[in-house]
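Residue numbers (UniProt numbering): 1 to 462.
Read the structure below first, then the notes.
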């Protein structure tokens, strides 16, 4: 209970609303009405950057509908969704005058954080062990960094912990052949991602370098692009104003301002090596799945077996650049269960669709040239399909073992004069109090003859 005053000396008591009765299943929980938002018109401009990749085809994702979801994992997905369990609603609910006014993108993020993200993640927690989902996590966990402790791949494909991946240095006149870190990669960062509990343990620094200049990968499984509902919607796409009935871009439409979010989410998915992604606004979610356009080489792939895996990866990346296909489906914020009984409801809501996408991404997010029907999606139990260039074990014991091995490695501070463009507020994990063996590190710096150069200061000339 809180109190305020409308006039001097006249207290007014504001009653805190009582929490709504808890839902009795995940399905009931995720199909409730979303709060009403006060949309206020803002500028219509979107990104005009052209470094984002352009899919060759953009087609409706017809498979993504409620009837299909009932068949996934041999019907286990919806069985878990309907299983009786107490689900407490968000409380206190978003305040209409503080949390539900949308102007620019920061207010959209606030609205989603006050309601949608809390709803989705809360509904993922009960199925963490049974369905192995990923959780909606912050942008900083989706961004690459230049310095990381990453496993190296042996000839058997197994990960070896404790091998440090050093940052690329800028080219200089003394070393013109040195590889440079592209400035443009700094802006190619999604607004959110999806990470599993095991991934967070196994990938303490969730990033790696692909080995190709300018190519960065993200450890996140479900990249997200967030836009205000007043600035972008899928309406033009739905009306056929952007692509024709075959999914091909109409002349010049791929470079129009309103097509930018489509290019952005496609690029994020391709760089994250994740087939799934989402454009999330205050009015809808557009779920997407990507792959190369087509290839007449037989049935769907099983993992990455067959042929040289590195060449297959290179070819896949090239094909995604030149002839990619992005399938999409829009689910509106306004869709919700009304008078129907939960058992009779057969529609996707925005929160339910996002929940399903996090489960699918946790199960298998690898980009392939062909996919089996979504209704035939099988639950993977042995390993998590990782978009990173090394396998991520599902075993919590193995994940903890890797984390412990990593913790024994000293955390190196990013050298001054070679700033990491992906870190704005700190230089390395050591600045957050996570460094190890600091005494030994200081000793090595004192003994190094090039310590002046490492800190960006010229060596004294004798």
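Every residue, glycine too, gets a C-beta built ideally from N, C-alpha and C.
If you're wondering where the values come from, they're calculated on a predicted model, not measured in any experiment.
Beta-carbon contacts of residue i that lie in its chain and below 6 Å, excluding the five residues immediately before and after
{"i": "residue 19", "result": "91"}
{"i": "residue 34", "result": "333"}
{"i": "residue 23", "result": "29 and 87"}
{"i": "residue 71", "result": "375"}
{"i": "residue 319", "result": "292"}
{"i": "residue 337", "result": "31 and 345"}
{"i": "residue 40", "result": "103"}
{"i": "residue 73", "result": "379"}
{"i": "residue 135", "result": "121 and 124"}
{"i": "residue 196", "result": "134 and 362"}
{"i": "residue 331", "result": "285, 348, 350 and 353"}
{"i": "residue 279", "result": "225, 261, 265 and 286"}
{"i": "residue 252", "result": "none"}
{"i": "residue 137", "result": "193 and 195"}
Start and end residues, alpha helix (DSSP H) containing residue i
{"i": "residue 261", "result": "260–272"}
{"i": "residue 117", "result": "117–124"}
{"i": "residue 362", "result": "350–363"}
{"i": "residue 325", "result": "No alpha helix (DSSP H) holds residue 325; the beta strand (DSSP E) holding it covers 324–332."}
{"i": "residue 129", "result": "128–131"}
{"i": "residue 235", "result": "235–238"}
{"i": "residue 111", "result": "105–111"}
{"i": "residue 66", "result": "66–69"}
Bounding residues of the beta strand (DSSP E) (the contiguous stretch that carries residue i)
{"i": "residue 193", "result": "193–195"}
{"i": "residue 277", "result": "276–280"}
{"i": "residue 287", "result": "284–292"}
{"i": "residue 80", "result": "Taken as a continuous stretch (DSSP letters only), residue 80 belongs to no beta strand (DSSP E), being part of the alpha helix (DSSP H) at 76–82."}
{"i": "residue 135", "result": "135–137"}
{"i": "residue 225", "result": "224–226"}
Exposure of residue i, with buried meaning 16 or more beta-carbon neighbours within 10 Å
{"i": "residue 86", "result": "exposed"}
{"i": "residue 255", "result": "exposed"}
{"i": "residue 102", "result": "buried"}
{"i": "residue 129", "result": "exposed"}
{"i": "residue 94", "result": "buried"}
{"i": "residue 125", "result": "exposed"}
{"i": "residue 377", "result": "buried"}
{"i": "residue 294", "result": "exposed"}
{"i": "residue 231", "result": "buried"}
{"i": "residue 75", "result": "exposed"}
{"i": "residue 49", "result": "exposed"}
{"i": "residue 190", "result": "buried"}
{"i": "residue 299", "result": "In this prediction, residue 299 scores a pLDDT of 45, lower than 50, which makes its location untrustworthy; no coordinate-derived value is stated."}
{"i": "residue 339", "result": "exposed"}
{"i": "residue 473", "result": "Residue 473 is absent from the model: the chain starts at 1 and stops at 462."}
{"i": "residue 21", "result": "exposed"}
{"i": "residue 194", "result": "buried"}
{"i": "residue 347", "result": "exposed"}
{"i": "residue 373", "result": "exposed"}
{"i": "residue 404", "result": "The predicted model places residue 404 with a pLDDT of 32, which falls under 50 and marks its position as unreliable; any figure quoted below should be read in that light. That one is exposed."}
{"i": "residue 192", "result": "buried"}
{"i": "residue 490", "result": "What is shown of the chain runs 1 to 462, which leaves residue 490 out entirely."}
Nonlocal neighbours in the same chain, by C-beta distance under 7 Å from residue i, ignoring five residues either side
{"i": "residue 99", "result": "110, 111 and 114"}
{"i": "residue 228", "result": "42, 102, 104, 105, 108, 281 and 282"}
{"i": "residue 54", "result": "254 and 263"}
Chain-order list of residues whose beta-carbon lies under 8 Å from that of residue i (same chain, five-residue window excluded)
{"i": "residue 27", "result": "78, 81, 82, 342, 345 and 352"}
{"i": "residue 61", "result": "287, 288, 289, 327, 328 and 329"}
{"i": "residue 244", "result": "250"}
{"i": "residue 119", "result": "29, 30, 90 and 351"}
{"i": "residue 96", "result": "35, 36 and 38"}
{"i": "residue 131", "result": "73, 76, 77, 80, 359, 362, 363 and 379"}
{"i": "residue 247", "result": "57, 58, 59 and 325"}
{"i": "residue 335", "result": "347, 348, 349 and 350"}
{"i": "residue 188", "result": "51, 52, 216, 267, 268 and 271"}
How do the segment 314–326 and the segment 347–359 stand: do at least 3 beta-carbon pairs fall below 8 Å, yes or no? Verdict: no, contact absent.
Three or more C-beta pairs below 8 Å linking the segment 255–268 and the segment 230–244: At 8 Å Cβ cutoff, the stretches touch.
Meets three-Cβ-pair contact criterion under 8 Å: the segment 222–229 and the segment 266–277: Here the segment 222–229 lies against the segment 266–277, with 3 or more beta-carbon pairs under 8 Å apart.
Secondary structure, beta strand (DSSP E): runs of 3+ residues fully inside the segment 30–63: Runs found: 57–60.
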